[in-house]
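Numbering of the sequence shown is given in my numbering, commencing with residue 18 and proceeding in unit increments.
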Amino acid sequence: MLRKIIYFKLVILALILIGITVFILTFDLNRYKPDVETKLSQAIGYPVKIESLSLSLHKGLALQVKGLSIHAVDDQFAVFLDRFFLIAELKPLFKRHIKITQCLIESPQVEIRGSKGLPVPPTQVSIISQSPKMEPSQNLPSKPKKIKIPYVDEFNVSKIVISNGEVLFGDGQNGYSIRDIDLILNNVAFESPTGFQGSCKLDLGLEKQISVKGTLNYPEQLVDFVGIIDQNIEVKGSMANFMRVPVYRLEVALKNLDIASFYTPAQREQEYLAGSVYGNVALTTSGKSAIDIVRSLQGEGHLQVINGALKNRNILRENLEKITQIPGLNILFQVDLGPAYQTLLNSPDTSFQELNTALKIERMRVHIQSLSIQHPEYSIGLSGTFGFNLEADLQGSLALHKTMAAALIKKVKELVWIANPAGEIVIPFSYQGVYPHANLKPDVGHLVKQTVETVGMDLLNQALNQFLAPEESQKTSAPTS
């Protein structure tokens, strides 16, 4: 009797499983596609279109979505998804537990055509616009909010894999892209931290390889991460309050970075800085859009460039050329200064052994507090500001060291008029305008004043010597008693 009961239960269970299998295999999920599109559109606030939906049995209940697209009404952004595939365990579903063993997102593509960055859904605009303006330190929510899904007691995704993704910014001509995005998220749940790691290629005209890993904590609205760019840039940081107005904190470390690798061939035909860069910069900012993030960017740090050059601009030659309007100095480039100094003056670049600068970033400008450029024959000091719009407003001075100054004075003796007591020739100058076409202008007025004072003092000394010379000669020729 017991055996018959067991057989009966097994038959019933088999029939149920067969029924579920037949239901899944014959169930046409596409009949509900319009309803799914409507619900998704209402949830995110933007039109959603789906090419096809399907259910199957593959190590559990498998859902496949093909050809998902989201378009903004104002055409500011668009999202395309080639294939979305997930597998959920069957047994936990009967307990109202959603346990997804695998979620695969293939070839997602995001296009952000406008300058506003990732938009806020229309359903949230009124809420955000009515929220009081807060400082970054006040943006963190007072209480973490627990997410509840209707009719679901537990939700967990073992792994999410995003492969071959792409994000396009701009109109394709003046924009940039993030390509080959591969991302893995482990243990995705709203109540516990989620680990992630990934890589991508950033294309800003020149391709840069980026790898990143970190932790996402949804209840605390906090992301901690470490990223490496081309093995020379290490970024440690966090993003807090990412569901409202994100607050970013970054620490950027540069080690033996070839700064010239960031310039395109076209940019290398203009003025640019080359050399190996070392340094550390701490940055903070906040905002949902790229414009807001740039506007609120603040930071400070120190940079050092070793064995570098300001390419396609010779500050030494340009300063000396522009002071030849001072009487007596117009023959400076007509005399033979010797091979070593002729090479320095004829070079298209301003070479140096070391560049050091402390900087501060605020209000969309880089404040250069003390920039020092050192070369065995000369040094350059600069201070001022450099805007994010590439507008420069710098004041500085070029100092020819004693050896070079003496060699030039030997060829053009009038240069002694602008030499200081230490035997150096110091030329104050300004660097103003829009990079790379900023104007370098030596302070000729200051040098003329210095020349007049020096020449005037020399003439006065000569006059005094001539006046006192007869008196001295009379004293020496007077008879002794």
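Cβ coordinates follow ideal geometry from the N, Cα and C atoms, glycine included.
Legend entry - Residue burial classification, Tyr193 (beta-carbon count within 10 angstroms, cutoff 16): With fewer than 16 Cβ atoms within 10 Å of its Cβ, Tyr193 is classed as exposed.
Legend entry - Whole-angstrom distance between Tyr295 and Lys76, CA atom to CA atom: Each residue's Cα considered, the two are about 52 Å apart.
Legend entry - Span of the beta strand (DSSP E) around Leu223: Per DSSP, Leu223 belongs to no beta strand (DSSP E) and is neither H nor E.
Legend entry - Straight-line gap, Val205 to Ile177 (C-alpha atoms, nearest Å): CA-to-CA, the gap between Val205 and Ile177 works out to about 8 Å.
Inset, instruction - Answer yes or no: do Val96 and Val127 have a C-beta to C-beta separation smaller than 9 Å? - result: Yes, they are a contact pair.
Inset, instruction - Report the rounded CA-to-CA distance for Ile246 versus Arg196, giving the unit in angstroms. - result: Looking at the backbone, the Cα of Ile246 and that of Arg196 are separated by about 14 Å.
Inset, instruction - Confirm, please, whether the CB-CB distance from Glu371 to Val443 is below 9 Å. - result: Going by C-beta atoms, Val443 is not nearer than 9 Å to Glu371.
Legend entry - Validate contact between the segment 293-310 and the segment 343-359 using beta carbons, cut 8 Å, 3 pairs: Cβ pair count under 8 Å is below three, so no.
Inset, instruction - Please confirm if the segment 432-439 is in contact with the segment 391-409, defined as three or more CB-CB distances below 8 Å between the two stretches. - result: Flag = no, the segment 432-439 and the segment 391-409 do not touch.
Inset, instruction - Give every residue of the same chain whose Cβ lies closer than 6 Å to the Cβ of Leu121, excluding the five residues on either side of it in the sequence, and list them in chain order. - result: Excluding residues up to 5 positions away in sequence, Phe102 and Val178 lie with their Cβ nearer than 6 Å to the Cβ of Leu121 in the same chain.
Legend entry - Delimiting residues of the alpha helix (DSSP H) encompassing Asp53: According to the sequence shown, residue 53 is Val rather than Asp. Counted as a single uninterrupted DSSP element, the alpha helix (DSSP H) harbouring Val53 occupies residues Lys50 to Ile61.
Inset, instruction - Alpha carbon to alpha carbon, how far is Ile129 from Val174? Give it in angstroms, no decimals. - result: Take the alpha-carbon of Val174 and the one of Ile129: they are about 28 Å apart.
Inset, instruction - Just the C-alpha distance for Pro365 and Ala422, rounded to the nearest angstrom, thanks. - result: Cα-Cα distance, rounded: 21 Å.
Inset, instruction - Can you tell me which of the three DSSP states Asn203 falls into? - result: Asn203 falls in the strand class under three-state DSSP.
Legend entry - Of the residues Gly62, Val465 and Arg48, the one placed nearest Leu346, counting alpha carbons only: For Leu346, the nearest C-alpha among the options comes from Val465.
Legend entry - Contacts around Leu271, its chain only, beta-carbon distance under 7 Å, and the 5 residues preceding and following it disregarded: The answer, listed in chain order, is Asn249, Ile250, Val294, Tyr295 and Gly296.
Inset, instruction - Give the straight-line distance between the Cα atoms of Ser69 and Asn181, rounded to the nearest whole angstrom. - result: Their backbone Cα atoms lie some 21 Å apart in a straight line.
Inset, instruction - Kindly indicate which three-state DSSP category Gly134 falls into: helix, strand or coil? - result: Because the pLDDT of Gly134 is 45, which lies under 50, any placement of that residue in the model is unreliable, and the number read from its coordinates should be weighed accordingly. It is coil, neither helix nor strand.
Inset, instruction - State yes or no: is the C-beta of Ala307 within less than 9 Å of the C-beta of Ala291? - result: No, the pair does not count as a contact, with Cβ atoms beyond the cut-off.
Inset, instruction - Tell me whether Leu349 sits in a helix, a strand or coil according to DSSP, three-state version. - result: Leu349 carries a coil assignment under DSSP once its states are collapsed to helix, strand and coil.
Legend entry - Beta-carbon proximity check, Gly84 vs Ile67, cutoff 9 Å: In contact: Gly84 and Ile67 (Cβ atoms closer than 9 Å).
Inset, instruction - Please name the residue or residues paired with Thr367 in a DSSP beta bridge. - result: Bridge partners of Thr367: Leu327.
Legend entry - Range of the contiguous alpha helix (DSSP H) that encloses Arg334: First-last of the alpha helix (DSSP H) with Arg334: Ile332 to Lys339.
Inset, instruction - Inspect the beta-carbon positions of Pro459 and Lys339 and report whether they are closer than 9 Å. - result: Their beta carbons are under 9 Å apart, which means Pro459 touches Lys339 by this criterion.
Inset, instruction - Assess, as a yes-or-no matter, whether the segment 378-391 is touched by the segment 315-332 under the definition of 3 or more beta carbon pairs within less than 8 Å. - result: Taking 8 Å as the limit for Cβ pairs, the verdict is that the segment 378-391 does touch the segment 315-332.
Legend entry - Leu417 CB to nearest heavy atom of the ligand FAD below 8 Å: Annotation note on the ligand FAD: not contained in the displayed structure, which lists no ligands.
Legend entry - Inter-residue spacing [alpha-carbon to alpha-carbon] between Ala105 and Leu200: Whole-angstrom Cα-Cα distance: 20 Å.
Inset, instruction - Could you tell me whether the Cβ atoms of Asp353 and Lys428 are closer together than 9 Å? - result: A Cβ-Cβ contact shorter than 9 Å links Asp353 with Lys428.
Legend entry - Reference Leu274; option with closest CA among Arg266, Ser255, Gly231 and Gly325: With distances taken between Cα atoms, Leu274 lies closest to Gly325.
Legend entry - Length of the line joining the Cα atoms of Ser303 and Asp309: A straight-line Cα-Cα distance of about 7 Å links Ser303 and Asp309.
Inset, instruction - Might you give, ordered along the chain, the residues of its own chain that have their beta carbon closer than 7 Å to the beta carbon of Pro210, omitting 5 neighbours on each side? - result: Taken in chain order, the residues that qualify are Thr232, Leu233 and Asn234.
Legend entry - Sub-9 Å separation of Ala375 and Gly398 beta-carbons: No; because the gap between Cβ atoms is not below 9 Å, this pair is not in contact.
Inset, instruction - Would you kindly check if the distance between the Cβ of Leu337 and the Cβ of Glu288 is under 9 Å? - result: Not closer than 9 Å, so no.
Inset, instruction - Tell me, please, which residues DSSP counts as bridged to Gly440. - result: The beta-bridge partner set that DSSP reports for Gly440 is empty.
Inset, instruction - Give me the Cα-Cα distance between Gln93 and Lys305, rounded to the nearest whole angstrom. - result: Straight across, the Cα-Cα distance linking Gln93 with Lys305 is about 15 Å.
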